[in-house]
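For reference, each letter of the sequence shown is one residue, going 1 to 368 in my numbering.
Beta carbons are placed, not taken as given, at the ideal position from N, Cα and C, and that holds for glycine.
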Amino acid sequence: MKKLVFVFICFLFFRMVFADKIILKNGREMKGIIKEKTDKTVKLDVGFGIVTLNRADIAKIITSTKKSNEEIVKSWKSKYFDNERFVPKRLKYILKYYRDLEELRKKIMEIKAENKKIENDLHEIKEKISIKKKLLVEKNKQLKETDPQKDVNRYNSLVREINSLSADIVLLKNKVNQINEKALIRNEVFTKYLNALYTVKTKINEAERNLSKQNISSEEKSFIENMKKEIERYGEEYEKIVVYGKDYNKNHIVVSALINGSAEGNFIVDTGADIMTLSSDFAKKLGYDVGNLPQVEVILADGKKVKAYSLILKSVSVGGMEAKNIQAVVLDGKNIQVVGLLGMSYLKNFLFQIDVRNKKLILYSFSN
1 MKKLVFVFIC FLFFRMVFAD KIILKNGREM KGIIKEKTDK TVKLDVGFGI
51 VTLNRADIAK IITSTKKSNE EIVKSWKSKY FDNERFVPKR LKYILKYYRD
101 LEELRKKIME IKAENKKIEN DLHEIKEKIS IKKKLLVEKN KQLKETDPQK
151 DVNRYNSLVR EINSLSADIV LLKNKVNQIN EKALIRNEVF TKYLNALYTV
201 KTKINEAERN LSKQNISSEE KSFIENMKKE IERYGEEYEK IVVYGKDYNK
251 NHIVVSALIN GSAEGNFIVD TGADIMTLSS DFAKKLGYDV GNLPQVEVIL
301 ADGKKVKAYS LILKSVSVGG MEAKNIQAVV LDGKNIQVVG LLGMSYLKNF
351 LFQIDVRNKK LILYSFSN
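Dropping the structure here:
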């Protein structure tokens, strides 16, 4: 048994591949393939490029064998498969599509990093709006109770406070609208990313089919396999849920949503609605005392201003995609089939696509 172990260890030892090694005077080590040596410099190929080192900074140079260097290059072709120097000539055209994809993916990753901050900012803004609305209700109440003939100074002071609070609320609402507009822009970027991902997949599959009819080289096979793995990895970075709309509404996508984990209702998907809306009947079904909710004024799609009641939903889940602390308003109205609008206060929490023709809402959530 000991003899077998010894032979196995020896086999591993002889299979190890060593690169050229340069030890610098500062203690650092660099590995690669030495391409050129002069009295003043040493050029070291490190796979993704060539580094020029000054002889004065080098303490020691250890060279490997030609065969080891060939093995190193082989490993580089796999590790740096998208480096132009390693892309087979007949497949170089795919690199352009892949670079476009990488640029869009970079933007998506930046968006993902910003999402948490956006979520916190929105929560703070909504809290401020809620506080100022309560103050506004109180100040309006005080104004009604104040006689301008008897206490003109107090009356004028309350008017100024009311105007100031109203202006602050408008500004805060504008900030919410700006954030929602950015959410739509983010979705445009993501749509482009998905299209680019599909294009690269298509180009790779086409290339594989075409080259298979000819004499495909081992390098071409390796490039295609590495590219496939990379694209597959990109696809695993996000969760995708397709929610199919109800059949009974021809002009809109209507989806089922679970609210606060307790009641389910049908909602019209509406990116034009800044916040979700609920019917008063459905709000009561959720357990809300509508009359005691903060009263607000909302503008409908036709420009009409109506009275509504503001609330924060604990959670909204569509197709298993859940978002918490969702701003909504309660509107009067009864509709057996539809209980409200699924607006941007929910949708902004995800990247999404809307396929009206096929009645589909597609939600994407990037993994952490």
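Between which residues of its own chain and K92 is the CB-CB distance below 8 Å, once the five residues before and five after are set aside?
Numbered from its first residue, the sequence shown carries residue 92 at position 92. Taken in chain order, the residues that qualify are E84.
Count the other CB atoms, across all protein chains shown, that sit within 10 Å of the CB of S218; report buried if there are 16 or more and exposed otherwise. Position 218 of the sequence shown, counted from the first residue, corresponds to residue 218. Per the 10 Å Cβ criterion, exposed.
Subject >> Exposed unless 16 or more other CB atoms sit within 10 angstroms - verdict on V356 >> reply: On the sequence shown, residue 356 is found 356 positions in, with the first residue counted as 1. Exposed, since its Cβ has fewer than 16 Cβ neighbours within 10 Å.
- Item | Proximity of I23 and I62 at Cβ, strictly below 9 Å | Sequence index remark: in the sequence shown, residue 23 carries index 23 (1-based). Sequence index remark: in the sequence shown, residue 62 carries index 62 (1-based). The answer is yes: Cβ separation under 9 Å.
For F267, which option in D332, N349, K359 and L342 has the closest C-alpha, if you only look at C-alpha atoms?
-> One-based indexing of the sequence shown puts residue 267 at position 267. The option with the nearest alpha carbon to F267 is L342.
May I have the straight-line CA-CA distance separating N54 from G47, to the nearest angstrom? Taking the sequence shown and counting its residues from 1, the one referred to as residue 54 is at position 54. Taking the sequence shown and counting its residues from 1, the one referred to as residue 47 is at position 47. Approximately 19 Å between the Cα atoms of the pair.
| query | Which class does Y309 belong to by DSSP, given the choice of helix, strand or coil? | reply | Working through the sequence shown from its first residue, we reach residue 309 at position 309. The answer is strand: DSSP assigns Y309 an E or B state.
Buried versus exposed call for P88 [16 or more other C-beta atoms within 10 Å across all chains shown]
Position 88 of the sequence shown holds residue 88. Buried, by the Cβ-count rule.
Return helix, strand or coil for F366, following the three-state DSSP convention. In the sequence shown, residue 366 corresponds to position 366, counting from 1. Three-state DSSP puts F366 in a strand.
query: Is L286 helix, strand or coil by DSSP?
result: Within the sequence shown, the letter at position 286 stands for residue 286. Three-state DSSP puts L286 in coil, outside helix and strand.
Own chain partners of K107 with C-beta closer than 8 Å, once the 5 adjacent residues on each side are dropped
Indexing the sequence shown from 1 puts residue 107 at position 107. The answer, listed in chain order, is V189 and Y193.
Do the CB positions of D332 and S279 come within less than 9 Å of each other? Reading the sequence shown from its first residue, position 332 is the one you call residue 332. Reading the sequence shown from its first residue, position 279 is the one you call residue 279. Yes, the Cβ-Cβ distance between D332 and S279 is below 9 Å.
Does the distance from the C-beta atom of T277 to that of L184 stay below 9 Å?
Here residue 277 is taken as the residue at index 277 of the sequence shown, counted from 1. Here residue 184 is taken as the residue at index 184 of the sequence shown, counted from 1. Their beta carbons are not under 9 Å apart, which means T277 does not touch L184 by this criterion.
Original post:
Where does I22 sit, in a helix, a strand or coil, going by DSSP?
Top reply: Against the sequence shown, residue 22 aligns to sequence position 22. Reduced to three states, the DSSP call for I22 is strand.
Quiz item: What three-state label does DSSP hand V170 in the structure shown?
Solution: By 1-based counting over the sequence shown, the position of residue 170 is 170. DSSP places V170 in helix when its eight states are reduced to three.
| DSSP state of N54, grouped into three classes? | As a position in the sequence shown, residue 54 is number 54, starting the count at 1. Three-state result, N54: strand.
### Same chain, Cβ closer than 6 Å to K40, neighbours up to 5 away in sequence not counted
Against the sequence shown, residue 40 aligns to sequence position 40. Result list for K40: R55, in chain order.
Margin query: Could you check whether E208 and I224 sit closer than 9 Å to each other, using their CB atoms as the reference points?
Written below: Along the sequence shown, read from residue 1 onward, the residue named residue 224 stands at position 224. Along the sequence shown, read from residue 1 onward, the residue named residue 208 stands at position 208. Their beta carbons are under 9 Å apart, which means I224 touches E208 by this criterion.
| task | Reducing DSSP to helix, strand and coil, say where G343 ends up. | result | Along the sequence shown, read from residue 1 onward, the residue named residue 343 stands at position 343. Coil at G343, not helix or strand.
Spatial neighbours of L172 in its chain, beta-carbon cut-off 6 Å, leaving aside the 5 residues before and after | Taking the first residue of the sequence shown as 1, we reach residue 172 at position 172. Contacts found: I125, K128 and I129.
Where the alpha helix (DSSP H) containing G235 begins and where it ends
In the sequence shown, residue 235 corresponds to position 235, counting from 1. From DSSP, the alpha helix (DSSP H) with G235 extends over S218 to G235.
- Let me know if E220 comes out buried or exposed under the rule of 16 or more other beta-carbons within 10 Å of its beta-carbon. By one-based count along the sequence shown, residue 220 stands at place 220. Counting Cβ neighbours within 10 Å, E220 comes out buried, since at least 16 surround it.
Check: What is the residue span of the beta strand (DSSP E) that N83 lies within?
Finding: Reading the sequence shown from its first residue, position 83 is the one you call residue 83. Per DSSP, N83 belongs to no beta strand (DSSP E) and is neither H nor E.
Counting along the chain, where does the beta strand (DSSP E) carrying K304 start and finish?
Locating residue 304 in the sequence shown gives position 304, counting from the first residue. K304 -> no beta strand (DSSP E), and no H or E assigned at all.
| Hey, how far is the Cα of R160 from the Cα of I169? | Locating residue 160 in the sequence shown gives position 160, counting from the first residue. Locating residue 169 in the sequence shown gives position 169, counting from the first residue. If you take the alpha carbons of R160 and I169, they lie about 14 Å apart.
*asked:* By alpha-carbon positions, which one of K96, K133, V200 and S212 ends up nearest to P294?
replied: Stepping through the sequence shown from its first residue, residue 294 is reached at position 294. The residue with the shortest Cα to Cα distance from P294 is K133.
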